[in-house]
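Notes to accompany the following structure.
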Amino acid sequence: MHSDPLHGEQSCSMPRCGRPSCFHVRLEAAARTETGRDSCGAHLAEVVQELALRARERRKRPARVVVYATGERRRTKGPGPFDRLALGTIPV
């Protein structure tokens, strides 16, 4: 048994944040979908903004940033299908 209570859970992708992630944010385009980043509630807006800016800088085709709510026990790898609920889609 692991002594860390967060062992196996995803944590927020922001530097120096150890909070468990409640959201997964992905940049999706017609050609491909990136794996995305995990975020706690406190950093959700920052993660969305960073992915949207990156999409605008590199965009060749329309894309969208999709915000998913995640459960405690979720798959951490793979393009989908996955156990998340889409909360919002932002075209960029």
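Heads up: the sequence shown begins at 1255 in the working numbering, then just goes up one per residue.
Using N, Cα and C, we set each Cβ at its ideal position, and we do this for glycine too.
Owing to the predicted nature of the structure, the values given are computational and were not obtained by experimental measurement.
Please classify Pro1259: is it buried, with 16 or more other beta-carbons within 10 angstroms of its beta-carbon, or exposed? In this prediction, Pro1259 scores a pLDDT of 40, lower than 50, which makes its location untrustworthy; no coordinate-derived value is stated.
With Leu1281 and Glu1288 assumed to form a contact (beta carbons below 8 Å), what rounded beta-carbon distance in angstroms separates them? Confirmed, Cβ separation roughly 5 Å.
For Gln1264, is the classification buried or exposed, using 16 other Cβ atoms within 10 angstroms of its Cβ as the cut-off for buried? buried
Please report the straight-line C-alpha distance between Met1255 and Arg1318, rounded to a whole angstrom. In this prediction, Met1255 scores a pLDDT of 33, lower than 50, which makes its location untrustworthy; the coordinate-derived value is nonetheless stated afterwards. If I take the Cα positions, the gap works out to 40 Å.
Relative to the C-alpha of Cys1294, which candidate in Gln1303, Ala1306 and His1278 has its C-alpha closest? Of the candidates Gln1303, Ala1306 and His1278, the residue whose Cα lies closest to the Cα of Cys1294 is His1278.
Pick out whichever of Cys1266, Gly1342 and Arg1313 has its Cα sitting closest to the Cα of Ala1296. Cys1266
In whole angstroms, what is the alpha-carbon distance linking Pro1345 and Ala1306? Cα to Cα, the separation comes out at about 9 Å.
Burial state of Thr1324, where buried means 16 or more other Cβ atoms lie within 10 Å: Of the other Cβ atoms in all chains shown, 16 or more fall within 10 Å of the Cβ of Thr1324; this residue is therefore buried.
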